Structures are given as C-alpha cells and as structure tokens.
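Residue numbers (the numbering used here): 48 to 818. No residue lacks a Cβ here, since even glycine has one placed at the ideal position from N, Cα and C. No experiment lies behind these values; they were computed from the predicted model shown. Written out below as structure tokens is the structure these notes cover.
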C-alpha cells in the first residue's frame, strides 16, 4: 500500500483553484483520481498552467461533454466504480445535470459526494461567481491585509482556495472514515468563503465584554523585520520563554530594558521610553551587521531569527531539501520543473507523486477501472453521530498551529483532551487566538516533570487513538510522551508530530514562529506587490499547519481503521508554509514561474482581476471568460475584445497597463454600488470590498444561521462570538460548539474516567501535580 488513501477512487469534475488542489492532495496521498474535462480541456488550462502542473499531478484525464446524454452516461459509468465524486460547480448545477447528491445517492448509496463552491449552497451569494478575489473582497480579507497604501489591499496569496481545498479533503476523509463503519456515503460541502474563514479565525473574535484592546508594540515582545548592513532582511521573534532577555543582551539594551526574572516577558507592558528604544534604536543596531552574522549570533542564543527570502529561494535551503520538500516533475505542458512535494510524511504509508499532470483526454482510450470499487457493506441504519465521535485525540501542542488541527477534529466530533502545564498554554493571554485554536476541547493541567505524573501520562497514552505533539525535537521524549513510549503502551496508536522545522536536519532544534516562516518561503513577496518591501500575509502558516495536521491525523486514522496499523506522521510548519507557495515552480535553468503576480500598487493580478477606485470608493472586478469580458465592456462603454491590443490573453498581457488605464478611467466615473449592480446584471463578478469585518461578520444573523459564526456563553465575557463549523455534511449530527476550556477545567472528569479515585485526585491536587 502506497499512501494512506491507496485504493480510494475519485472522479473529479472540479475546475479552477480550490477543487483541483483538493483532489490533488488526495492524489498525492494515494487516491486514484480521474479528472473529467470538457472536450479540448479545462477552460483554465492556459491561465492556470503552472497551478495545474502541481495540483493535477498524479491524476488521469478523460474528456467528456456533459451537455450530451452520451457524456453524462459515460460519467455515470465512472462514478459507479468510484468511492468519491468531486465537483466545484455553482450550487444547483449538479442537480440540473442529474448529478446532485440525491440522484447519485439513490443509485450508489456508498458514494461520497463532495462540493466546493465560492460561497456555499446556503449563502446569499451562492449564485455569484466564486473567484478567489471576489471571496476575499466580500469576507473582509482585503480590509485586514497590511499594505503600502491606504484602502483595500488585493490578496496576493490564494489562502481562500488553500483553505477550501484542505477543508474539502478533510471532509472527504472524514466521510470515508464514517463510511467504513456503516457503508453509507455522505455529501460534503464547503467553499472558498469557509476556506478564508479558516485563516481569519485566528484574528477574529467578538464578545459582549471585550478584553482590553491589544496595542502592537506595547509589550515586551519583538516580532518584526529588520534590514541588515548587506540590505538583506531578517525576521526576529522573542516569544519563547527567556528569549526577550537573551535578545536584549545581544543587542546591548539590557541596561535600558531589564528582563523579567522568570523569562515570561511577553505579557509585561513597556514604558513609553522603552517602546521608543525598541522602535528607534533596534533598526539602527541591526544595520551594523550582515544578515548572516545576525542569524549566527541570534540562533546561537536560541532566539527565533529567520531570513526573509524571495519566492523559490527556499528550494535551495538545506532544511527544505532535508525534509524532501522539492521534487522534479516533467510536466507535458511547461516542461521539467521543481515543485513543492507532498507536505506530510507517513512512516508506513508514504505519499508518492506517481506521474506528472495529464494532457486533456490522455486516458480517453484507456479502460479506467476494470473492476468496481471494493465492496462496501451497507448498514440498514445510517450512523448519524458526528463523523469522528469515538475518535480520541490527546493534544500536546502549544501556541496556535499545533492545537488548531485538533480543534478541527473536535468540530467533527473527536474527543480532544488538551494536556497543558500548570501555567497553561502561552497563548492563553491572547484570548481571541486561544479561543480560535482550542474550541471544543477538554483541558487537563499536569506538572509533567513530577514523578507522580507518570501514571497519569501512561493512562492518557493508552486512552488515545491519536497523539498530536508540536514540541521541539527531543522534549516529548524527555518528559515521557514521545512516540516510542506511546507505541510501546499502545501499538495501534497514530502519533502525529508537528515541529517547526522538522524532527531532524540543520534547523531542527531552532525556534519557529508565525508569520516568520511565511517570509522564509517567500510568501511575503507574494502579498507585498512587485518591487515593494515585504509584508506578512494575514493567511499565515499557523492555520495552514492546523489544516495539514487535521488532514494528516485523519488520513492516518482512516488508514489505521482499514489496516489495524497505527503509524508515525510528521508535518513540520515549514512544510505547511511551503504549501502556501506551491503554485510557484522553477525550471532547471532557474526560471521561476507563477511568482510575484501582484502589481506594485497591490491592486490586482492584471486589468481583469483587480481593485479599481470609483468616484466614491473601491470595486473589485473579475472577468475571465469572453462573456464576462464582453459584459464588462458593454457596461463601461469601452472596447476590449474588439480592440487589437486586447483581443486575446496574450495581447492583454502585453498591453495590460493600457487596458488598466482604459478601465480605470471608465470605472472612476461610476459610483460603487451603481456599478456593482450594473455589472452583476451583466453577469460580471463585481463587489465592493468590505473593510475590517470581524464584529460585523460574527454578529450577522445570516452567518449565525449558517453556523459560520457561533455565539456561546463565556465565564467572563458574557456572550462570545467566533468562527464556527466550516464543513457541512448530510446524515450526521453536528457537534454543539463549545468555547475553549479554562485551564484544567476537566481534570476531575478526565482523571475519573481514566480510573483515578476521588481521593487519588485530591492527593494529586494537594501535591500540586495537577491544578
């Protein structure tokens, strides 16, 4: 068996960015994916050639005309032999084609159906073209993203699609996991809107009694970039215990800003004078040495220091190569290129890229599957419990990236116990961030260094089906919760490890903090715009590694359910960050493809996918088809397709600034809402970008209705509102949302269930082994 999804058959009718990425993930981990294209190939093959070379690798291609009875009949023959049917049409299209879940489920009850759209079938925007930029404009990402000018900033990193793809993959595997129990397929539905919310959930939260506002730079934390004497940029983060004090000594400021005795500086306010020292003196100090010199001295003092690189430079970094994160693929369209490899490492069922992306119809003449998919025994009664009810997860991670993956599993019904120290997770003081990563969990607090904790640790490891750990290499082993001990106690256990850099390699022992690794992989250049200094993306590697962790744990649990074998899985934060730039590739001669498409004004990727100023604000417009381009031209009263400068894709690329000028002049004459209305009537995707949107989104009755926002009582904040469930499914119960637990809130409950008596628990508490 190669890959945890080996033997799973997928019929893929998706197109665009999110759908092919999702099924590409499934293919990377062993699924047999058949991509169904229209005659002549997918309409985005030219404009997304680089993207498709990565996310369609390992697939097969057949061409079918689904507008004909013959094409639909051939598709149904494929579906009859598959486990999963995947589509990314607008809501309602599948039903009109007779390929909706009701029709397919009636014919093949064990088939899992997956739908990915722009806004979801339950959204008031369900009929709006779900382009990445349109989603970001409406959800508020463009109002959140830092930039080099005022106004909304076009999103240069496709994190709505990245999030949606991973949510779809997680939902697919969750449905397969449940199908293994009752034989019944479900309909999984998610969207680019949900994908964007994955990342915004790290930033967004609302409460009747809000916590005091955070003032960046007000506390004893250095988390910023510095330009060095060689004009290279370094990112520094002093969030680790004791790092702030060690940093002050290195830069010679220890006498002006004394560090705390316990090393817990991050929550201590700076005086106005100290703030001035850090904001004004530090940049001058960093200009006295080269980046290489600073990296050596800071890393030598165990301080997080990371170079900011241009896209693809990370392909040559030793840790990237050590992790096996670069593979060469001989693509039939763009030629041989280096690509980002599958990000998770499965010890016993490794991922493998079997072949490059296919050309259209490459497998038309082939017999795709000579037999039907493996027989699934269908229960007369559907198991309507939450997907993962009964799956037990012990979460040992910290900060955001580690626990967030387990939070996603808790959303689907897993019983997640968060094991904390007696002082709690370092993010507990950052309420919104902590709530976003820990919702739905139970918390126990134990002093793991005490010998009296040994029986507790042992029973927890024996209780768990999955252990997830994001400690630095070696720490878990030293305190008795490492993989070897877990496996000795529980041979069928799934053990997932999420280090910053990797369990081994030249940077393995170093610190990692988001969003600094975004700079390391070049994502800062993707969002800053051409020729601009780097800025960090709001869609960073913390939620990304949470997504990768949830998917990795779930695939390993599914593999364990099918084979009875647990295994070790590793998904470093570096690998997750590389997934954010997987749409960028490099030819053997060094030519980079797919990078730095955002223009210098941070307004868009080109004249037909861009932000424009109107007479009273801003508008986001996307037009990719000839019908959409024609509609845009008609509304604005300009010539596009009939102009010899703009008649085809190549001409528009060559004359993009001229076309931008034509459109900018015309759009500037309109009021925003009037133009939005006119363009939408003409079938053109156009919206007004929403500014900072946290409170408005979370309090919106429509979002509360769909569950994308949830409202819960809180012990000190009255009612709190936060991002809720982002994957929807048929024939399963949803888990009621639970706000993140208080430290040690479930000590008695968990320890009692593990067999400890009330007197045992009281003694442990008296001895300060537990809270």
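query, result
"Nearest-angstrom beta carbon gap, residue 510 and residue 439 [assumed within contact, 8 Å]", "6 Å"
"Beta strand (DSSP E) runs wholly inside the region 474 to 538, at least 3 long, in chain order", "489 to 492 and 513 to 516"
"Interface flag, residue 501 vs chain D, CB-CB below 7 Å", "Absence of chain D from the displayed structure is noted, only one protein chain being present."
"Alpha helix (DSSP H) runs wholly inside the region 357 to 430, at least 4 long, in chain order", "365 to 369"
"For residue 293, the three-state DSSP class (helix, strand or coil)", "helix"
"Inter-residue CB distance, residue 390 and residue 563 (contact presumed, cutoff 8 Å)", "The pair is not a contact, with the Cβ atoms about 18 Å apart (cut-off 8 Å)."
"Which of helix, strand or coil DSSP assigns to residue 275", "coil"
"Under the three-state DSSP convention, the category residue 751 falls into", "helix"
"Range covered by the beta strand (DSSP E) that runs through residue 281", "280 to 284"
"Residue 300, DSSP secondary structure in three states", "coil"
"Residues sharing a beta bridge with residue 132, DSSP", "58 and 160"
"Residue closest to residue 669, alpha-carbon to alpha-carbon, out of 773, 650, 662 and 469", "650"
"Pairwise C-alpha distance: residue 534 and residue 727", "58 Å"
"Contact check, residue 465 vs residue 488, beta carbons under 7 Å", "yes"
"Length of the line joining the Cα atoms of residue 304 and residue 314", "15 Å"
"Delimiting residues of the alpha helix (DSSP H) encompassing residue 264", "Segment: none, residue 264 is in no alpha helix (DSSP H) and carries neither H nor E."
"Distance CB(residue 403)-CB(residue 104) smaller than 7 Å", "yes"
"Exposed unless 16 or more other CB atoms sit within 10 angstroms - verdict on residue 195", "exposed"
"Simplified DSSP assignment, three categories, for residue 323", "helix"
"Residue 592 and residue 620 closer than 7 Å at C-beta", "yes"
"Burial state of residue 176, where buried means 16 or more other Cβ atoms lie within 10 Å", "buried"
"Cβ-based neighbour list, residue 614, same chain, cut-off 8 Å, excluding 5 preceding and 5 following", "393, 394, 395, 396, 541, 542, 603, 606 and 607"
"Segment contact, 8 Å Cβ cut-off, at least three pairs: the region 782 to 792 with the region 266 to 279", "no"
"Euclidean distance between Cα positions of residue 496 and residue 800", "23 Å"
"Inter-residue spacing [alpha-carbon to alpha-carbon] between residue 425 and residue 164", "29 Å"
"Of the listed residues 763, 235, 792 and 735, nearest to residue 258 (C-alpha basis)", "763"
"DSSP three-state assignment for residue 631, whether helix, strand or coil", "coil"
"Which of helix, strand or coil DSSP assigns to residue 812", "helix"
"At least 3 beta-carbon pairs within less than 8 Å: the region 699 to 713 vs the region 675 to 691", "yes"
"Neighbourhood of residue 713 by C-beta distance below 6 Å, restricted to the same chain and skipping five residues each side", "683 and 685"
"The region 244 to 255 in contact with the region 182 to 200 per 3-pair CB rule at 8 Å", "yes"
"Start-to-end residues for the alpha helix (DSSP H) that takes in residue 170", "Where residue 170 is concerned, there is no enclosing alpha helix (DSSP H), given that its DSSP letter is neither H nor E."
"Cβ-Cβ distance between residue 723 and residue 733 below 7 Å", "yes"
"Cβ contact (3+ pairs, closer than 8 Å) linking the region 294 to 303 and the region 569 to 588", "no"
"Proximity below 7 Å, CB of residue 431 to CB of residue 149", "no"
"Any 3 or more C-beta pairs closer than 8 Å across the region 478 to 492 and the region 444 to 464", "yes"
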